[in-house]
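Chains as they are written, first to last, in our numbering: chain A, 342 to 909; chain B, 342 to 909.
All C-beta atoms, glycine included, are put in the ideal place defined by N, C-alpha and C.
Structure first, commentary second.
Protein chains: 2
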Amino acid sequence: MKKGQDLSVLRHSAAHLLAHAVSELYPNTKFTLGPATETGFFYDMLPETNFKESDLPEIEKRMHEISERNLPLEHTQISKKEACSLYKDNQFKLEMINNLEGDTVGLATQGAFFDLCRGGHVDSTGDIKFFKLTSISGSYWRADRNGVALQRITGTAFYTQKDMRLHEKKIEEALKYDHRRLGKELDLFSFKDEGVGFPFFHPKGKQILNSLVASMRKRLEQANYKEVETPLMLSDELWKCSGHYEFYKDNMYFSEVDEKSYAIKPMNCPGTILIYKDHPRSYRELPLRLYEFGKVHRHELSGVLHGLFRVRAFTIDDTHIYCTQEQIEKEILTNIGILQETMKKFGFDSVKIALSTRPENAMGSDKIWADAIAGLKNALKAAGADYVIQEGEGAFYGPKLEFKILDSMGREWQCGTIQLDFFQAENFDLTYVAPGGTLKRPVIIHQAIYGSLERFLGIIIEHYKGNLPFWLAPVQAKILTITDEQKSYAHELYTQLKEQGVRVEIYEGSDPLAGQIKDAQMKKIPWMLIIGNKEVENKTVTLRHLDGKQEFGLSQKALLEKINQFTL
Amino acid sequence: MKKGQDLSVLRHSAAHLLAHAVSELYPNTKFTLGPATETGFFYDMLPETNFKESDLPEIEKRMHEISERNLPLEHTQISKKEACSLYKDNQFKLEMINNLEGDTVGLATQGAFFDLCRGGHVDSTGDIKFFKLTSISGSYWRADRNGVALQRITGTAFYTQKDMRLHEKKIEEALKYDHRRLGKELDLFSFKDEGVGFPFFHPKGKQILNSLVASMRKRLEQANYKEVETPLMLSDELWKCSGHYEFYKDNMYFSEVDEKSYAIKPMNCPGTILIYKDHPRSYRELPLRLYEFGKVHRHELSGVLHGLFRVRAFTIDDTHIYCTQEQIEKEILTNIGILQETMKKFGFDSVKIALSTRPENAMGSDKIWADAIAGLKNALKAAGADYVIQEGEGAFYGPKLEFKILDSMGREWQCGTIQLDFFQAENFDLTYVAPGGTLKRPVIIHQAIYGSLERFLGIIIEHYKGNLPFWLAPVQAKILTITDEQKSYAHELYTQLKEQGVRVEIYEGSDPLAGQIKDAQMKKIPWMLIIGNKEVENKTVTLRHLDGKQEFGLSQKALLEKINQFTL
């Protein structure tokens, strides 16, 4: 095996090696899919008991042992029948076998371990020497959130030790900016055993969340969206009517009120639907754009919880627009605009868009679907947005737009969805009085821009490497003085800025300036306002940015103007 | 019985009459106390099944029947033993009998009905002719929120029909401003069967809540309070440690997470305590003022739910200050200031304050209590605040300040409490590193200013009779035009105001101005901005206030200045 060869061959083989090791250590694990990726490989599996991060070293060790055994990899074609009998206890592989075309399937064998495989791997386990397991996360069979929850072990592999080392250096770099680590270092949030998967926001983390909320609220109010608040618990009947109970109950929490079962809401839609139904609606009220920063609770297996990226309680910036068929296009156009503007504010300049179209077994007439998809396409065109089409991947109740952003480390995140819904209006018998007095059904558009605010907070912490811009920083400015002589002016400035709503602190100690600067840098405070005798004399400040750039002799007026320019 | 005689005699007798009627209609009702009040009378009772408002007419009818029977009232002294045997099934009356001094108790008898009574009543049931039952509400035995929940039937009585009619007119007036009625008329909030006792906030109601939150947040942030957010569900262990589980579990809702019982939080304290415990604290961090707009859920019997005044889920502006003994006084002073300033903003100029001191069986040393109470008194003095002392009525874990406001209809509301707490720091083993390195216990100050935001919203809706001031009004201004000719300028103004964050609407129809004004008045919009040709020509507006006062020829600049002056 020569250097420079296709990395995906090596990595796909490493996925086999991973499964081989796991099968020896945890024989009852069920394997699903283990592909190579752009950065390494993963294997999705259903363990008997969930794996923990701490299990990875042992698995990695066993992989090295199997590598040292230098087992040849043999690839054969076997009949589907034979394959089914090999996998008779594994519903995932059985499903895969049945979905493959032809009468035979490929099987790769190394020692006692075998795996379904199209081919394309190294000659022997001994060829896989430089690899590393990097994480455990949650996934779903067929990526269906309502499907079976699996665990994904992710790793990477290289042909040479040098490439591996380079990669490890990159990883270390990324680990430094892991939001869980920065969240602790910067005192933003925590998790406690008393509420597994439910984040606690400390003052600085809550401040960032508040800025996210305020910024979104401002944008939405400008576009005449109206905020509502619906209860956290609602009776099971409602969730049965909406269909959530049937499809989602294993991920829901329940309580009891007046001897009736209530669900703690996993979604905000049914609550706002009850507000829509509060009184008869006229076409004059449409489009009715109701949004809510709605806290939802959804159960996740404890093994797949992951910082703020995967929690059991989170807040969605959840909009439900009730409108006519004809209004869809304009509403979507507005929303795409809000989304693009929002993402730009965080430096996410490139937003990828995917349009999922009508699946088989869809509800609603051909015309409704055709019109809706034409409306979405027109809106995308009007927004000047590129997009890809995911043919047939819409929900049965309507087509969908999904938005992906690229962060500063080149990682892709799905944020933002627009989902048309022809179903719930039917389900809840929603109507409006059309011109002329006939009753018609509104369309519902479900929209979220941040998606989960908690997850979005995690994303931007990593994206900015903790160096939040002025408008988002929990502490925006710190006043430093060269000696104690300037403290009185410093306090004057502090009071003035605080009254203006600036999140400002003052360095209370008497340490040398270098120490004060270092402290502010550690806390990632974007602006240091440095005051010496000259500044006191001229009633100015020196503004030192986190990156070291300095602006000398800023008058207080110039400072306030600068602040206004950078504020929310 | 002559006119003009002491009303309390008549009303106390009417309370007997009420109990008499209830005892005939619902023989298993247990009676507790039925005093006369300043405005009428009430009787607190424990019915077998909760009474509903709709039961009142029948009870009132029976009261009239008993009045017509013209039964003489006889008052006798009987032995306590005899009294105990009469009330052998009524734990409340038994407790009252045992708490009375002397060997005998008074008993008033009218027909087959008898009641414990000190005396002071009319001669015959026939003397009670003009009365009315006004409401049912919830109460607690001995006013102890952790005690038995009772139902209170309230009514009033007068000596003459004329007085009664005058009173009824007043009542009608008050009913017009009932927040439940205004809430529906102004489309602020609603209640639904799918979540009994859990309010749904419609856009306009949510907007008012948001203004309440923003105003409080601004005030608290200025005083260096720090906002946090704690989970809605936390494990039972925590509530057992805090003592809430033992004392409060019948009013708590529970769920299950990972096969462990979790409580939906009825209080915010334990959550913020976990944030305090997140890492070792130094005296340099104290006072640490953590506040939360925390949504709590507390069960109430469905019969005692009452609009926004008594709900099952509400948001507390809940502050927990962790400080040293020495810091108590200054913290309380700041808080009293914030409270008084807040209440003044709503026109609640008179705030009554009560200081509850050390009860029997209190925890903590004599010195801690003496110092704390001296601190509270000093703070009250420094704030220039009058107060009454409620001797021995503090909680076992610390003294308390309670604040009462008087609304525009002369009704008193308890809003705002400051509770010192020497207990939870012990309980949760909270410490801070004191100068010199020793570990000490902080004191916790629990503070709320609005108390329940939902209840406070109900209070101000009634207080303002729905006419919310500019800063609170969900729609602040409506632009009206004399003819359609001015629409283009109207839209220009609309865009400009909206960009400034004004909650402005534009009247889209072409109705005569009088109709437009009437519509804005019905919706209780504080400012109408009227535009005719003259206003277009001069780029001005006429500002018409809800009360009819008008300001002509306001330039846009003058208008914006006015807006800034009245904004949050």
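What are the start and end residues of each continuous beta strand (DSSP E) run of 3 or more residues lying completely inside the segment 542 to 613 of chain B, in chain order?
574 to 576, 594 to 598 and 601 to 605
Among the candidates B:VAL363, B:SER408 and B:ILE677, whose CA atom is the shortest distance from the CA of GLN760 (chain B)?
B:ILE677
Which residues in the same chain as HIS640 (chain B) place their Cβ atom closer than 8 Å to its Cβ, once the five residues preceding and following it in sequence are excluded?
ASP591, ASN592, MET593, TYR594 and ARG653
Note down, in chain order, each residue of its chain lying with its Cβ closer than 7 Å to the Cβ of LYS781 (chain B), except the 5 sequence neighbours on either side.
THR772, TYR773 and ALA775
How many angstroms separate the CA atom of PRO700 (chain A) from the CA atom of LYS741 (chain A)?
11 Å
Selection from B:PHE383, B:PHE499, B:GLN418 and B:SER623 that minimises the alpha carbon distance to LEU359 (chain B)
Nearest neighbour of LEU359 (chain B) by Cα position, chosen from B:PHE383, B:PHE499, B:GLN418 and B:SER623, turns out to be B:PHE383.
Listed by chain order, chain A residues near HIS520 (chain B) by CB distance under 8 Å:
Within 8 Å Cβ-Cβ: nothing; HIS520 (chain B) doesn't reach chain A, min ~17 Å.
Do you know whose CA, among A:ARG885, A:GLY536 and A:GLY488, lies nearest ASP577 (chain B)'s CA?
A:GLY536
GLU568 (chain B) and GLN841 (chain A): beta carbons closer than 9 Å?
Judged by beta-carbon spacing, GLN841 (chain A) lies beyond the 9 Å limit of GLU568 (chain B), meaning their Cβ atoms are not closer than that value.
Specify, as a first and last residue, the run of the alpha helix (DSSP H) that ARG796 (chain A) falls within.
794 to 804
Mind checking PHE588 (chain A): buried by the 16 CB within 10 Å criterion, or exposed?
exposed
Just checking: is the beta-carbon of GLY345 (chain B) within a distance shorter than 9 Å of some beta-carbon in chain A?
The pLDDT assigned to GLY345 (chain B) is 48, lower than 50, so where the model puts this residue is not dependable; a value taken from the coordinates is nonetheless given after this. Closer than 9 Å: no.
8 Å CB neighbourhood of LYS393 (chain B) in its chain, flanking five on each side removed:
ILE477 and GLY644
If you measure from the beta carbon of HIS638 (chain A) to each beta carbon in chain B, is any gap under 9 Å?
yes
For ASP619 (chain B), would you say it is in contact with chain A, using Cβ-to-Cβ distances shorter than 9 Å as the test?
yes
Are the beta-carbon atoms belonging to ILE910 (chain A) and VAL843 (chain A) less than 9 Å from one another?
In the structure as shown, chain A begins at 342 and stops at 909. Residue 910 (chain A) is therefore absent and cannot be evaluated.
Below 7 Å on C-beta distance, what does GLY536 (chain B) contact in chain A?
PRO572, MET574, LEU575 and SER576
With a Cβ-Cβ cutoff of 9 Å, do ALA355 (chain A) and ILE494 (chain A) count as a contact?
Contact flag unset, no.
May I ask you to list, following chain order, the residues of the segment 646 to 662 of chain A that have a beta carbon less than 8 Å from some beta carbon of chain B?
Correct list: ARG653 and ALA654.
Only counting the same chain, and skipping five residues up and downstream in sequence, which positions put a Cβ closer than 8 Å to that of PHE907 (chain A)?
PRO810, PHE811 and TRP812
Alpha carbons only, please: which of A:THR665, A:ASP825, A:THR824 and A:GLY381 is nearest the one belonging to ASP504 (chain A)?
A:GLY381
What is the C-beta distance between PHE655 (chain A) and SER829 (chain A), in whole angstroms, given that I count them as a contact (C-beta under 8 Å)?
Wrong, their Cβ atoms sit about 46 Å apart, outside the cutoff.
Pair every Cβ in the segment 658 to 665 of chain B with every Cβ in the segment 783 to 790 of chain B, then say whether three or more of these pairs are closer than 8 Å.
yes
Does the beta-carbon distance from LEU414 (chain B) to ALA377 (chain B) come in below 9 Å?
no
Please compile the residues from chain A whose C-beta is within a distance smaller than 7 Å of the C-beta of PHE539 (chain B).
PRO572 and MET574
When DSSP labels each residue in this structure, what does PHE471 (chain A) get in the three-state scheme?
strand
Please determine, among A:ALA564, A:VAL598 and A:PRO611, the residue with the shortest C-alpha to C-alpha distance to HIS585 (chain A).
A:PRO611
If we ignore side chains and look at the alpha-carbon of each, how far apart do PHE706 (chain B) and THR698 (chain B) end up?
Note on residue identity: the sequence assigns Ser, not Phe, to residue 706 (chain B). Near 14 Å, if we compare the C-alpha coordinates of THR698 (chain B) and SER706 (chain B).
In terms of residues, what are the limits of the alpha helix (DSSP H) holding SER426 (chain B)?
421 to 427
Among A:THR501, A:VAL816, A:ILE858 and A:ILE419, the one whose alpha carbon lies nearest that of ALA449 (chain A)
A:ILE419
Could you give the C-beta distance for GLU826 (chain B) and ASN874 (chain B), rounded to a whole number, given that I count them as a contact under 8 Å?
7 Å
For a test of the three-state rule: what should DSSP assign to HIS620 (chain A), helix, strand or coil?
coil
Applying the 10 Å Cβ sphere with the 16-neighbour rule, what's the burial state of ASN565 (chain A)?
exposed
From LYS517 (chain B) to LYS511 (chain B), what distance separates their C-alpha atoms?
10 Å
Closer than 9 Å, CB to CB, is HIS543 (chain B) near chain A or not?
yes
Taking 9 Å as the CB-CB cut-off, is VAL569 (chain A) touching chain B?
yes
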